[in-house]
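Read the structure below first, then the notes.
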Amino acid sequence: QMASLYLLYESAVGYSLFATDETAGIALDSPSIQEAAGDLAKFGKVVKFKAFAPFKNLQDALENINAVSEGLLPDLLKTFLETNLPKAKAGKKSGLQLGVADHRLGTAITEAIGFPTTHVDPVPELLRGVRLHFPKMQSQVKGEAISKSQLGLGHSYSRAKVKFNVHRVDNMII
Amino acid sequence: PRGRGAPRGRGGAGAGKTNAVVVEPHRLEGVFIARSGAKDVLVTRNMTPGISVYSEKRISVDSGETKVEYRVWNPFRSKLAAGILGGVEAIYIKPGAKVLYLGAASGTTVSHVSDIVGPEGLVYAVEFSHRSGRDLINMAKKRTNVIPIIEDARHPHKYRMLVGMVDVIFADVAQPNQTQIVALNAHNFLKNGGHFVISIKASCIDSTAEPAAVFAAEVNKMKTEKMKPREQLTLEPFERDHALVVGEYRPAAKKTA
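Structure representation (structure tokens):
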């Protein structure tokens, strides 16, 4: 069965792609997603894990979050999507879409790789479900490792924010 | 006169038993009361014994072989502490809970929330001001259950890669559209049936209206955002014209009989 709605989930450990294979049914019936989202057994039947690209190290994660939080498309994410999304046939409406959390990133993705994106209903509800069940929906990273990565990345992201925004200009000597 | 360094006991029979402090659990899980004579103070169990965060007093208590350290929690410096002393029914911030804390400031209250949730819990502490953010980051260095996030709480998508689903959102952001900010974060990060605890300063929302009218208007806004207010209390005598509102997000639909 061909999936028609993919989901991009960005986390502190890397990028993940999920797919829904009952799109027609659920897209029209949001309350049922909300109910199913709380239950992994139900949610896992609707939303399936497809692929994962881990960050290599903290520096890699930091570069990626810095881009993604500004709605920009980092190289790692571009390659990940090109590799794992089905190829849309040129000039033909495939009906395929990628659900994203931020419409600015969606626009950047469509411009770069030509894949249509959406951030509206039912995407936010589906992403809530993914965020809730992510530790158990894939076998690559465990819940504890995710919290550790959030901690490390939270510190470096925040340190960089206070460091580079103190109304001070560091003149680089080239 | 006593020699230098002698214990400051009251003297007399039984000297050496100095100011016995008894620490008892508060009705709210993870919160404690230290009793010594006539004075009772609110305390939390220090996650990092030996370290104070903002020069608050520490109290060490013998617990069998080991010592347990508590930190005094000042209700004049923390709206959550003020709410607890004011008799709030429930805060849902308890051992093991995951908390999204909006308006973390320098992290004084965050440090007590960190004590309460303990090593099994997590506090995602969001603060936009870089000045307070530096203190927040430093505090978090010693507390591995606090994830500092220097970012604008009005734009949760900016920190979506750092945050998992949480059990509770605590908010003290002092913004006119605070309720919308909490709602936006709840839609992204708060579990169905999770809870919110919001400190509302009337003058931050509308400095000309009656505080009671401001609180009522905010509670009405919550209802349109799947946020069900369950409790509202004033923070008097610790804060003037402040209210604490506690509620449930997307409560489970009641089964019809």
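Going down the list, the protein sequences come from chains V and Y. Taking our numbering, the leading residue of the first sequence gets 482, the next gets one more, and so forth. Taking our numbering, the leading residue of the second sequence gets 33, the next gets one more, and so forth. For every residue, glycine included, the Cβ atom is placed at its ideal position computed from N, Cα and C.
In the three-state reduction of the DSSP assignment, V494(V) falls in the coil class. For N224(Y), the three-state secondary structure derived from DSSP is strand. Per the DSSP secondary-structure output, G580(V) pairs in a beta bridge with L488(V), T599(V). Nearest neighbour of V149(Y) by Cα position, chosen from G128(Y), G165(Y), I169(Y), turns out to be G128(Y). Here F202(Y) is buried. Its C-beta has 16 or more other C-beta atoms within 10 Å.
Between A542(V) and A589(V) a beta carbon distance of about 19 angstroms is seen, past the 8 angstroms cut, so the two are scored as non-contacting.
If you draw a straight line from the Cα of A52(Y) to the Cα of V63(Y), it is about 20 angstroms long. Assigned with DSSP and collapsed to three states, S110(Y) falls in coil, not helix or strand. Beta-bridge pairing by DSSP links Y102(Y) to R77(Y), I91(Y). Between N224(Y) and chain V, the shortest Cβ-Cβ separation is below 8 angstroms. Short of 8 angstroms from the beta carbon of A157(Y), and not among the five residues preceding or following it, lie these beta carbons of its own chain, in chain order: Y133, A136, G139, V142, L168, A172, V178, I179, P180, I181. Using a Cβ-Cβ cut-off of 8 angstroms, L632(V) counts as an interface residue toward chain Y, since at least one Cβ of chain Y sits closer than that to its own. Per DSSP, the unbroken alpha helix (DSSP H) holding G525(V) starts and ends at 521-527. With respect to chain V, the C-beta atom of H227(Y) has no partner C-beta closer than 8 angstroms. Here DSSP, grouped into helix, strand and coil, assigns M193(Y) to coil. No Cβ of chain Y is located within less than 8 angstroms of the beta carbon of G576(V). Under the three-state reduction of DSSP output, S637(V) falls in the helix class. Counting along the chain, no alpha helix (DSSP H) covers L134(Y); the unbroken beta strand (DSSP E) around it starts and ends at 130-134.
The DSSP assignment places complete beta strand (DSSP E) segments of no fewer than 3 residues inside the region 148-196 of chain Y at 154-159, 178-182, in order along the chain.
Taking F561(V) as reference, the option from L554(V), N545(V), E516(V), A534(V) with the minimal CA-CA separation is A534(V). Put simply, of T211(Y), H144(Y), H219(Y), K260(Y) the residue whose alpha carbon is nearest the alpha carbon of S84(Y) is H144(Y). Note that the C-beta distance between A548(V) and L554(V) is below 8 angstroms.
Under the Cβ criterion of 8 angstroms, P567(V) is not counted among the residues facing chain Y.
Each residue's CA atom was taken as its position, placing K233(Y) and P57(Y) some 30 angstroms apart. In this structure, F221(Y) is the residue among D238(Y), K89(Y), F221(Y) with its C-alpha nearest to the C-alpha of D199(Y). Using a C-beta cut-off of 8 angstroms, the region 114-125 of chain Y makes no contact with the region 183-192 of chain Y, since fewer than three inter-stretch Cβ pairs fall below that distance. Taken in chain order, the members of the region 513-530 of chain V whose beta-carbon sits within less than 9 angstroms of a beta-carbon on chain Y are Q515, E516, A518, G519. Residues A206 of the same chain have their beta carbon placed closer than 6 angstroms to that of C236(Y), with the five preceding and five following residues left out of the count. Nearest to K642(V) by C-alpha distance, out of T266(Y), Q212(Y), E159(Y), V246(Y), is E159(Y).
For E263(Y), same chain residues with a beta-carbon under 6 angstroms away, outside a window of 5 residues either side, are E121, V278 in chain order. For K174(Y), the closest C-alpha among the options E268(Y), G82(Y), G119(Y) is that of G82(Y). Against chain Y, the CB of A493(V) has a partner CB under 8 angstroms away; the residue lies at that interface. Chain-order list of chain V residues neighbouring P180(Y): G635, H636, S639, by C-beta distance under 8 angstroms. Under the DSSP definition of a beta bridge, D541(V) lacks any partner. Around the CB of T240(Y), fewer than 16 other CB atoms lie within 10 Å, so the residue is classed as exposed.
Chain order gives the chain Y residues near A582(V) as H189, R192, where near means a beta carbon separation below 7 angstroms.
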